[in-house]
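A.B. asks: Please read through the structure below; I'll follow up with questions.
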Amino acid sequence: MEPLFYVIAIMGCGDSAVACQEARVEPVRYESAAQCQAAMLPALERNADLSFPVITAACQSRNQFMARADKASPAG
1 MEPLFYVIAI MGCGDSAVAC QEARVEPVRY ESAAQCQAAM LPALERNADL
51 SFPVITAACQ SRNQFMARAD KASPAG
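In this text, residue positions in the sequence shown follow the UniProt record's numbering: the first is 1, and each later residue adds one.
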């Protein structure tokens with residue numbers, strides 16, 4: 001199982017807070033959903049410059065995948 005972490009996605013929405021789209025993802029990774037949620041208000045304040053009527057944030061879980069480079073063996 002891959003390690004799990006959380007990031008804060010900053011969402012820009014229309015006037016009625018519908019039709020939201022991801023505008024930014026904060027670069028900080030959190031080890032738990034609780035840590036992520038505790039950091040959402042400061043993240044919203046940092047991203048107040050977005051040009052949307054409504055700005056919101058959501059914690060999203062992500063897996064950290066490690067890339068593995070395998071050498072291809074030459075055909076015989």
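Beta carbons are placed, not taken as given, at the ideal position from N, Cα and C, and that holds for glycine. These numbers come from a predicted model, not from an experiment.
So which of PHE52, TYR30 and GLU26 has the shortest CA-CA distance to VAL18?
C.D. replies: Here residue 18 refers to the residue found at position 18 when the sequence shown is read from its first residue. With distances taken between Cα atoms, VAL18 lies closest to PHE52.
A.B. asks: Quick one, are the C-beta atoms of ARG46 and VAL7 less than 8 angstroms apart?
C.D. replies: Here residue 46 corresponds to residue number 46 of the sequence shown, with the count starting at 1. Here residue 7 corresponds to residue number 7 of the sequence shown, with the count starting at 1. No, these two residues do not count as a Cβ contact at 8 angstroms.
A.B. asks: Spatial neighbours of CYS20 within its chain, please: CB distance less than 7 angstroms, with the 5 preceding and 5 following residues excluded, ordered by chain position.
C.D. replies: Residue mapping note: residue 20 aligns to position 20 of the sequence shown, counting from 1. If we look at CYS20 and ignore the five residues flanking it on each side, its Cβ neighbours are MET11, GLY12, CYS13 and THR56.
A.B. asks: Can you say whether LEU4 is buried or exposed, counting buried as having 16 or more other CB atoms within 10 angstroms of its CB?
C.D. replies: On the sequence shown, position 4 is the one that residue 4 refers to. Label assigned to LEU4: exposed.
A.B. asks: Return helix, strand or coil for GLU45, following the three-state DSSP convention.
C.D. replies: Start at 1 with the first residue of the sequence shown, and residue 45 comes out as number 45. GLU45 falls in the helix class under three-state DSSP.
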